[in-house]
Amino acid sequence: MQRNASALPFLLALAITRAHGEALFTDPIATNSANAPLIWLNRETTAATTLTLTREPDGGDTIAVIPRGGSITALMRDADGHTLAKTPFGITGWAQAQAGEDSGETFPALALRHDDTLNIDLYYHPQLGKPQNNHYYYNEAEPDTPSPGLPPDPAADEPAPHYTTYDRLLETALKADGARYHIDCSAGASGDYHCLFLNAAQGKIRRTNVAGLPGQTFYIPGNGAIYSDTDDSNSRYYRVRQKWTLHNGEIQENEQPYHYLGLASQYRGILKADSGAHDRKTPLRLLERIGGKKTVAKIAAGEPLRILLADPNQPCAKDAQLGDSDLCADLWLLIQNKDGKTGWAKINYQRDTPDLEGLHPLAE
C-alpha cells in the first residue's frame with residue numbers, strides 16, 4: 012500500500028511527540044498540537060522509565076535522576092516535544108529517558124532542627140544527623156580567631172563591640188557512610204543569614220575558605236545533596252529552591268533551566284521608579300515567547316495571576332547588569348492569567364516595571 016506523502020509530516024511529528032512525551036510518563040501528557048512555543052501542563056505523574064533531568068532540552072549536565080515509578084511533575088512541553096519536569100521538592104530539568112542511579116529526589120521522613128534565635132530550619136535524615144547546641148564568636152580585634160561560647164555583655168557606658176556569633180546546630184553526614192559535617196549558622200553582621208559546612212574530621216573552626224550557603228531553610232535528606240529554600244533579596248526578586256553538592260570542600264549548584272515558583276499573585280500596575288507610584292491604567296502584556304512581540308493575553312491592574320517559572324539564564328543586556336557583579340536586573344517570568352492563558356513578561360525593579368505581588372526589589 013502506498014502511504015499518502017502528505018501524511019508523513021504528521022506521522023513523523025506524532026512519533027517525535029510520543030518519543031519525547033508519553034514514553035516518559037505513566038500518564039498521557041497533552042501534545043503541542045498548535046505548534047505553540049510551549050504549552051503549560053503541570054501534571055503530577057510517575058516515571059514510566061528511568062528519567063534523567065538535564066540542563067538542556069537535549070541533554071547536558073545531570074540535575075537529578077528519577078527511577079521508574081518515581082514521582083515527578085510534567086510542567087511544560089516545548090515546540091519540539093521536550094518536556095520540562097520538576098522533582099517533588101521543586102527542582103526542574105528537561106526529562107530524558109536515560110539510565111542513571113536514583114538520586115533520591117523523593118525524600119524520606121526528615122527530622123527538624125529548629126533554632127529560635129536565628130529562625131533557621133535544618134531538615135535532616137534522622138539516622139545520619141545529631142542535633143548540636145554549641146556557640147562561638149568572632150570580634151573585630153580577632154576577626155579570624157573564634158572564641159568559645161557566647162560573646163560577653165558590654166561594659167556599662169561603653170559601646171557594644173561588633174561580634175559575629177555562630178551556632179553549631181547539627182552534625183550530619185550527607186549520605187550513608189559519607190564524611191560528617193558540622194553545620195554552623197549565623198545571622199552575620201547585618202542579617203545576612205548563612206550556614207557553614209565544616210568537615211567534622213578536620214576539627215577546625217573557620218569562616219573563610221569554607222563551604223557555605225546563604226539562607227535559613229535547608230534540607231539534607233541523605234542522598235548526598237543539600238537543598239535550600241531561600242529568599243535572598245541580595246540576588247533575586249523571589250524565593251527559590253535549589254540543589255547543591257559538596258565537592259572537595261566547595262559547594263556547587265546543580266543549575267536548573269528554570270526556577271519553579273507556582274506563586275499566586277496579582278498585577279498591581281506599572282511601578283514608577285522615580286515616585287514609587289503605580290500606573291494602574293497600563294495592562295500587563297503576556298508575550299508568546301521571551302523577547303517576542305506577539306501578545307497572547309493582557310492582565311489589568313488588580314487581576315489575579317500565577318507566576319509559574321522564572322528564567323535566570325537569559326543573556327543580560329548591558330544596561331541591566333548590576334555593577335561588577337554577575338547579577339542582572341532583567342528577569343523573564345512565565346505567567347498564567349485567570350483564564351489559564353500563559354505567556355512571558357519581563358520585570359526590572361531598577362526602572363519602571365510591572366509590579367507583581369509576592370516579588371520584591373533587590374536589596375540595596
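Each residue of the sequence shown is one higher than the one before, starting from 12 at the first, in our numbering. Heads up, the beta-carbon is just placed ideally off N, CA and C, and yes, glycines get one too. Just so it is clear, the structure is predicted and the values come from calculations on it, not from any experiment.
For Lys292, the number of other beta carbons within 10 angstroms of its own is below 16, and it is reported as exposed. Assignment of beta-bridge partners to Phe229 by DSSP yields Leu133 and Ser239. By the beta-carbon neighbour count (other beta carbons within 10 angstroms, threshold 16), His136 is buried. Going by DSSP, Lys357 is part of the beta strand (DSSP E) stretching over Thr353 to Ile358. Between Leu207 and Leu257, the gap from beta carbon to beta carbon reaches 9 Å or more.
The C-alpha of Pro315 is placed about 17 Å away from the C-alpha of Lys357. The C-alpha of Leu64 is placed about 13 Å away from the C-alpha of Arg79.
Only residues of its own chain outside the window of five on either side were considered, and among them Thr63 have a CB closer than 6 Å to the CB of Gln109, listed in chain order.
The three-state secondary structure of Asp290, taken from DSSP, is strand. Comparing alpha-carbon positions, the option among Tyr360, Leu35, Val307 and Glu264 lying closest to Ile74 turns out to be Glu264. If the five residues before and after Gly81 are omitted, its C-beta is found closer than 8 Å to the C-beta atoms of Thr57, Ala58, Leu62, Asp113, Glu116 and Thr117, all from its own chain and listed in chain order. Residue Gln277 holds the alpha-carbon nearest to the alpha-carbon of Ile318 among Gln277, Asp243 and Glu299. The three-state secondary structure of Ala331, taken from DSSP, is helix. In the structure shown, Val221 falls within a coil segment according to DSSP collapsed to helix, strand and coil. The beta-carbon separation of Leu272 and Tyr249, rounded to 6 Å, stays under the 8 Å limit for a contact.
Partner residues in the beta bridge of Gln263, as assigned by DSSP, are Thr256. Sequence-distant Cβ neighbours of Ile262 in its own chain, meaning closer than 8 Å and more than five residues away, are Phe208, Ala222, Gly223, Leu224, Ile237, Trp255 and Thr256.
Bounds of the beta strand (DSSP E) holding Phe208 are His205 to Asn210.
Listed as beta-bridge partners of Ala75 by DSSP are Leu64.
Residues of the same chain with a CB within less than 6 Å of the CB of Lys97, apart from the 5 flanking positions on each side, are Thr84, Leu86, Thr103 and Tyr271 in chain order.
Approximately 18 Å separates the beta-carbon atoms of Ala106 and Pro48; this is outside 8 Å, ruling out the contact. Taking C-beta atoms as the reference points, Asp363 and Asp243 fail to come closer than 9 Å. Separation of Thr156 and Arg217 (C-alpha to C-alpha, rounded to the nearest whole angstrom) is 8 Å. Taken atom to atom, the span from the alpha-carbon of Asn220 to that of Asp350 is near 50 Å. DSSP, reduced to helix, strand and coil, places Gln325 outside both helices and strands of the structure shown, so it counts as coil. DSSP lists no bridge partner for Val307. For Thr103, the enclosing beta strand (DSSP E) has its first and last residue at Thr103 to Ala108. For Asp126, the secondary structure class from DSSP, reduced to helix, strand or coil, is strand. Annotation for Lys97: the continuous beta strand (DSSP E) segment containing it runs Thr94 to Lys97. When secondary structure is reduced to three states using DSSP, Thr117 falls in the coil class, being assigned neither helix nor strand. Closest in C-alpha terms to Leu35, from the list Thr94, Tyr204 and Ser239, comes Thr94. Our two residues, Leu333 and Gln361, have alpha carbons roughly 9 Å apart in a direct line.
Check the Cα spacing between Ile346 and each of Thr241, Arg296, Gly303 and Tyr204: the tightest is with Arg296. By the CB criterion at 9 Å, Tyr174 and Asn150 fall inside the cutoff.
Cβ-Cβ separation between Arg54 and Asp69: approximately 22 Å, too far for a contact (criterion under 8 Å).
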